[in-house]
Amino acid sequence: MPPQTSPALPAAPDTEPWPLPWLRSLGFRYLLILDAIGLYALMALIITLRFGATWPTYSTGYYLVGFAAATVIHLGVYYFGGLYEYEQRLGRPAWLPKVSALSLMAVLLSAFIAFTTGRYFMPRGNLLAFLVGSSLLITFNRWLSRSVRSRRFGHPRVLLVGQATDRRLAASHLEESGGDIEVVGQVAPGGDLIEEIDLVDATDVLLLSGETLDEIYPQPLGQLGQRRIGVFKRITPADTLLGLQRSRQIAGMPFVGLRAHALPLCELRLKRLLDLLYLALATPLIISVFLSVATYVRLRGGAGIFYRQQRVGYLGKSFAMWKFRTMAHNVESTTGAQLATKADPRVLAGMSWLRRTRLDELPQLWNVLKGEMSLVGPRPERPEFVQQFETAILGYERRHDVPPGLTGLAQVRGHYQTDPSYKLGHDLQYIVNWSAILDLQIGLKTVLVVLRRSAR
Numbered sequence: 120m121p122p123q124t125s126p127a128l129p130a131a132p133d134t135e136p137w138p139l140p141w142l143r144s145l146g147f148r149y150l151l152i153l154d155a156i157g158l159y160a161l162m163a164l165i166i167t168l169r170f171g172a173t174w175p176t177y178s179t180g181y182y183l184v185g186f187a188a189a190t191v192i193h194l195g196v197y198y199f200g201g202l203y204e205y206e207q208r209l210g211r212p213a214w215l216p217k218v219s220a221l222s223l224m225a226v227l228l229s230a231f232i233a234f235t236t237g238r239y240f241m242p243r244g245n246l247l248a249f250l251v252g253s254s255l256l257i258t259f260n261r262w263l264s265r266s267v268r269s270r271r272f273g274h275p276r277v278l279l280v281g282q283a284t285d286r287r288l289a290a291s292h293l294e295e296s297g298g299d300i301e302v303v304g305q306v307a308p309g310g311d312l313i314e315e316i317d318l319v320d321a322t323d324v325l326l327l328s329g330e331t332l333d334e335i336y337p338q339p340l341g342q343l344g345q346r347r348i349g350v351f352k353r354i355t356p357a358d359t360l361l362g363l364q365r366s367r368q369i370a371g372m373p374f375v376g377l378r379a380h381a382l383p384l385c386e387l388r389l390k391r392l393l394d395l396l397y398l399a400l401a402t403p404l405i406i407s408v409f410l411s412v413a414t415y416v417r418l419r420g421g422a423g424i425f426y427r428q429q430r431v432g433y434l435g436k437s438f439a440m441w442k443f444r445t446m447a448h449n450v451e452s453t454t455g456a457q458l459a460t461k462a463d464p465r466v467l468a469g470m471s472w473l474r475r476t477r478l479d480e481l482p483q484l485w486n487v488l489k490g491e492m493s494l495v496g497p498r499p500e501r502p503e504f505v506q507q508f509e510t511a512i513l514g515y516e517r518r519h520d521v522p523p524g525l526t527g528l529a530q531v532r533g534h535y536q537t538d539p540s541y542k543l544g545h546d547l548q549y550i551v552n553w554s555a556i557l558d559l560q561i562g563l564k565t566v567l568v569v570l571r572r573s574a575r
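With positions in the sequence shown counted from 1, the corresponding number in my numbering is that position plus 119.
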């Protein structure tokens with residue numbers, strides 16, 4: 120059955136260049152400036168309403184610095200909370216609950232900093248009013264931004280993808296909803312989705328059928344994500360791992376928004392920031408342990424302290440991973456690439472404890488500093504084995520949806536000899552449930568594992 124399409128209508132794509140490209144390169148949007156001005160004005164308004172024209176007798180500099188600090192803290196929390204990520208126009212996101220939770224975090228963080236430093240950003244009695252006011256202000260700014268975008272770029276133009284009955288039902292729901300969504304085309308699964316989108320100039324795609332995602336949508340999500348084309352899949356009983364926290368109602372139908380990466384950019388940036396923070400805090404300990412292990416490796420193994428090996432990392436990109444050398448030089452020249460085992464005969468005498476405690480992995484902190492790895496994540500594997508595992512184990516490539524780690528859930532729960540399919544299960548569990556708290560828990564468990572194995 121040939122694809123059914125509607126004639127294309129002119130519509131300006133939501134991809135116009137910015138007058139300040141460097142702002143966009145940093146991930147900022149005009150909304151950030153609007154929020155900053157609004158928060159500054161809100162603090163001044165709250166103090167004026169409480170004290171009138173006669174503010175408490177602090178210097179002008181005190182208020183300026185305090186307002187600036189509170190604004191930066193709030194914007195930072197909003198930024199890492201995802202409020203400045205590109206928002207698709209389909210559906211109505213529940214902004215107020217999310218903004219309120221982030222505002223509460225920002226106010227508590229501001230109060231903690233003020234308490235520990237003895238410098239209050241504003242009178243303490245104003246914090247509750249600022250919490251309520253900032254929640255309403257930031258929510259209003261998102262509604263305003265959405266309204267401006269709709270006026271500037273027109274209504275969402277939707278392409279329906281699915282079986283004929285599913286397409287008819289969805290089109291009927293969209294028409295009866297009386298909303299501002301325009302159906303510009305319909306296509307059966309398996310067609311050239313990119314070509315169809317270009318033909319009808321669609322801004323969003325609704326995947327309606329219950330087949331697996333690979334059957335109805337073979338193209339990589341990244342191709343559409345770069346063009347800011349929204350992709351939404353109808354929620355079915357089988358869709359338990361799609362990340363339903365991104366679900367939304369579209370004309371009364373439940374959909375989940377799909378994206379190219381397992382973690383949104385705001386969470387990846389937060390993860391990177393925490394990596395650098397933890398490294399900075401642990402620098403004295405890291406240096407002392409690193410030098411001690413390096414000296415031991417030099418004395419026991421001779422020249423050549425470090426060992427470099429190609430590994431597959433984030434988004435399938437290869438990089439050079441560093442380790443302390445615990446084997447003889449060119450040990451794989453005759454045997455070829457081999458997976459590590461619990462009692463690996465290739466390990467030099469006196470080096471097995473380094474492998475057992477994972478201290479031979481310490482040089483990978485350099486990879487973490489370079490951004491090639493994270494402190495916590497799926498362990499990177501060698502290209503030779505990745506090809507084998509991707510062929511033999513369904514979904515193995517999902518491990519590359521997040522940066523590889525120095526340690527991971529599979530490492531604190533498994534061993535060298537754990538089957539790769541079971542390790543994959545731990546890795547996918549980590550990816551689906553990622554949080555800053557989970558990274559911290561895995562890091563602490565790793566320390567306990569190292570200490571326990573050192574005592575053996």
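The C-beta atom is built at its ideal place from N, Cα and C for all residues, glycine as well.
- Just so you know, the alpha carbons of aspartate 154 and leucine 215 end up roughly 15 Å apart.
- Short of 6 Å from the beta carbon of aspartate 299, and not among the five residues preceding or following it, lie these beta carbons of its own chain, in chain order: His274.
- The three-state reading of DSSP puts threonine 526 in strand, counting E and B together.
- If one requires a minimum length of 4 residues, the alpha helix (DSSP H) runs lying completely within the stretch 205-279 are 214-236, 246-272, in chain order.
- The shortest CA-to-CA distance from leucine 209 to any of Val569, Val375, Phe504 is the one to Val375.
- Between the alpha carbons of phenylalanine 199 and serine 254 lies a distance of about 16 Å.
- For the pair glycine 310 and glycine 349, the Cα-to-Cα distance works out to about 18 Å.
- For proline 499, the closest C-alpha among the options Ser222, Pro522, Ala399 is that of Pro522.
- Comparing C-alpha distances from alanine 401 to each of Asp538, Leu481, Lys217 shows the shortest one belongs to Leu481.
- Taking aspartate 317 as reference, the option from Tyr177, Leu223, Val277 with the minimal CA-CA separation is Val277.
- The beta-carbon separation of alanine 225 and histidine 193, rounded to 4 Å, stays under the 8 Å limit for a contact.
- Two segments are said to touch when three or more pairs of C-beta atoms, one from each, lie closer than 8 Å; by this definition the stretch 490-504 touches the stretch 430-440.
- Cβ atoms of glutamine 429 and proline 502 come within 8 Å of each other, at about 6 Å.
- Note that the stretch 280-289 does not touch the stretch 182-189; fewer than 3 beta-carbon pairs, one per stretch, sit closer than 8 Å.
- Counting only the Cα atoms, serine 178 lies some 42 Å from proline 383.
- Following the DSSP letters along the chain, one finds glutamate 295 inside the alpha helix (DSSP H) bounded by residues 283-295.
- Between aspartate 394 and valine 487, the C-beta gap is smaller than 9 Å, which places the two residues in contact.
- Annotation: the continuous beta strand (DSSP E) that includes tryptophan 441 extends over 437-443.
- In the three-state scheme derived from DSSP, where H, G and I count as helix and E and B as strand, arginine 430 is classed as strand.
- At least 9 Å separates the beta-carbon of arginine 353 from that of leucine 377.
- With a beta-carbon spacing of about 5 Å, glycine 435 and histidine 519 fall inside the 8 Å limit used to define contacts.
- The three-state secondary structure of glycine 304, taken from DSSP, is strand.
- Residue state for glycine 423 is assigned as coil, using DSSP reduced to three classes.
- With respect to the 9 Å criterion, tyrosine 203 and phenylalanine 186 are not classified as neighbours on the basis of their beta carbons.
- Membership of methionine 162 in any beta strand (DSSP E) is not indicated; the residue belongs instead to the alpha helix (DSSP H) covering 149-170.
- Proline 539 sits in a helix when the DSSP states are folded into three classes.
- Straight through space, the alpha carbons of alanine 399 and lysine 390 are spaced by roughly 14 Å.
- Its Cα nearest to that of valine 566, the residue Ile405 stands out among Gly195, Ile405, Ser264, Ala172.
- Setting aside the 5 residues that flank it on each side, glycine 244 is surrounded in the same chain by Arg169, each with a C-beta closer than 8 Å to its C-beta; the list follows chain order.
- By DSSP's assignment, lysine 352 forms a beta bridge with Leu326, Val375.
- Distance from the Cα of methionine 162 is smallest, within the candidate group Ile512, Ala188, Gly420, for Ala188.
- CA-CA distance, isoleucine 257 to leucine 228, rounds to 18 Å.
- Looking only at Glu295, Ser328, Glu301, the smallest Cα-Cα distance to glycine 281 is reached by Ser328.
- In this structure, valine 569 places its C-beta atom within 9 Å of the C-beta atom of threonine 476.
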